[in-house]
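For reference, the structure is listed below as structure tokens.
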Amino acid sequence: MKILKNALLIVGLFTVCAVSINAVQQEQPDPAENNNKIENRNLNKSVADSYSIEALPMPENLEFAGEEVPLNDPDVYERMDRELLVNTYWQSNALLLMKRANKYFPVIEPILKEEGIPDDFKYLAVIESGLTQAVSPAKAVGFWQILESTGKEYGLEINDNVDERYHIEKSTRVAADYLKKAHARFGSWTLAAASYNAGQYGVDKQLDRQKVADYYDLLLGEETGRYVFRILALKEIMKEPEKYGFSFTEKDLYKHIPVKKVAVDTVVKDFPDFAEKFGINYKILKVHNPWLRDDHLKNASRKQYYIDIPEEGHYPEVK
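Quick note on numbering: the sequence shown equals residues -23 to -1, 1 to 296 in mature numbering (1 follows the signal peptide of the UniProt record, and there is no 0).
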């Protein structure tokens, strides 16, 4: 009898455990079923609920360096629309360009004005290099993407020790000189801009071959065909950023740092030591003088150079 009671007790315990386990299993949701519900909910949600991609209104009037853009031509309209879309919706790049422009346009603008070049050409530097000391696959260098042969032709010093294509002020003057000659040749700033990409001979050849006189009437290769439109698009977006959805304040932009020019007409054996004398480090010296290509200056000819030293108070004190 005692054995029977014990057996019944064990069976009862097993039954209670089985019922409890079953209840717990029924209460726990199936993970796979939950995932399916979430996926279905996400599929039913429109992309427009979280992000809106809008067509851009074409500006009523566009001009480059005082020369009208013929937007009544359907082909010109489409090409302009393309560049506005591409550059507006590549938001990170456009915003970076605006930040850099605040730092470098104060250097470029007065030189263009002094040289008699329309202010719109500062946007040519923007599309050429992104306002960085870029080096192209063809070895064009600097803000204005100047080839070694062109730089030497226009009087820049280019060697292992010094490369003035990286000198923002001197390279801007070389670009200005080229553009003045191109304008004199074509009688058009728009064609002068196109020739900066394709060469004066290349543009002249196509004008003659196609029997037209205007950039917007030319059938050109992909790069030169987009070139002026890219300048126009960046000009439009950077001049009216709020219109194209960009939001920032003055403090968000990179600062233009004023410099003093120190004349040097001797050998400089060690630029880290040279920098220390002016309360900066070697890195800051090179940031402001990227045309100095080594950590020393040979200068056997005793040529006079001017080295930019940032004014005090803009960088942390050198320790």
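Beta carbons: idealized from backbone N, C-alpha and C, even for Gly.
Proximity of the region 239 to 256 to the region 97 to 112 falls short of the contact definition, fewer than three beta-carbon pairs being nearer than 8 Å. At the C-beta level, Pro95 and Ala42 come within 8 Å of one another. Counted as a single uninterrupted DSSP element, the stretch harbouring Lys188 is not any alpha helix (DSSP H), since DSSP gives it neither H nor E. From the listed residues Lys296, Ala32, Lys280, Leu269, the smallest Cα separation to Asp140 is found for Leu269. Taking every protein chain shown into account, the CB of Glu37 has fewer than 16 other CB atoms within 10 angstroms, so this residue is exposed. For Tyr178, the secondary structure class from DSSP, reduced to helix, strand or coil, is helix.
Ile135 is classed as buried because its beta carbon has at least 16 other beta carbons within 10 Å across all chains shown.
Secondary structure note for Pro51: its alpha helix (DSSP H) is the uninterrupted segment 51 to 66. Per DSSP, the unbroken alpha helix (DSSP H) holding Lys212 starts and ends at 199 to 216. DSSP places Lys238 in the uninterrupted beta strand (DSSP E) bounded by 236 to 241. The C-alpha of Phe255 lies about 11 Å from the C-alpha of Ile261. Judged by DSSP secondary structure, Tyr231 falls outside any alpha helix (DSSP H); it is assigned neither H nor E. The region 57 to 65 and the region 205 to 221 touch, with three or more beta-carbon pairs separated by less than 8 Å.
Ile286 sits in a strand when the DSSP states are folded into three classes. In this structure, DSSP gives Leu274 an extended state, which the three-state scheme calls strand.
Closest in C-alpha terms to Ala210, from the list Val53, Tyr282, Ser224, comes Val53. The residues Gly119, Phe120, Trp121, Gln122, in chain order, have a CB closer than 8 Å to that of Ser106 in the same chain once the five nearest residues on each side in sequence are set aside. Contact check between the region 162 to 172 and the region 186 to 193: three or more CB pairs, one atom from each, fall below 8 Å, which counts as touching.
The alpha carbon of Lys129 has as its nearest neighbour, out of Pro114, Tyr66, Lys147, the alpha carbon of Lys147. Exclusion of the five residues before and after Tyr81 leaves Leu108 as the residues of its chain whose Cβ lies within less than 6 Å of its Cβ.
Between Lys158 and Glu92, the CB-CB gap reaches or exceeds 8 Å. Each residue's CA atom was taken as its position, placing Asn138 and Asn266 some 12 Å apart. Proximity to Ile234 across Thr65, Ser172, Pro34, Glu289 peaks at Glu289, based on C-alpha coordinates.
Taking all protein chains shown into account, Ser69 has fewer than 16 neighbouring C-beta atoms within 10 Å of its C-beta and is therefore exposed.
The Cβ atoms of Asp229 and Pro249 do not sit closer than 8 Å to each other. The beta carbons of Leu89 and Leu61 sit about 24 Å from each other, so the pair does not count as a contact at 8 Å. The Cβ-Cβ distance between Thr201 and Ala175 falls below 8 Å. For Lys157, the enclosing alpha helix (DSSP H) has its first and last residue at 145 to 163. Distance check between Ile145 and each of Glu294, Ile284, Val295 places Ile284 closest, using alpha-carbon atoms only. Per DSSP, the beta-bridge partners of Ile123 are Val118. Here Ala71 really is in contact with Asn64; their C-beta atoms are around 6 Å apart, less than 8 Å.
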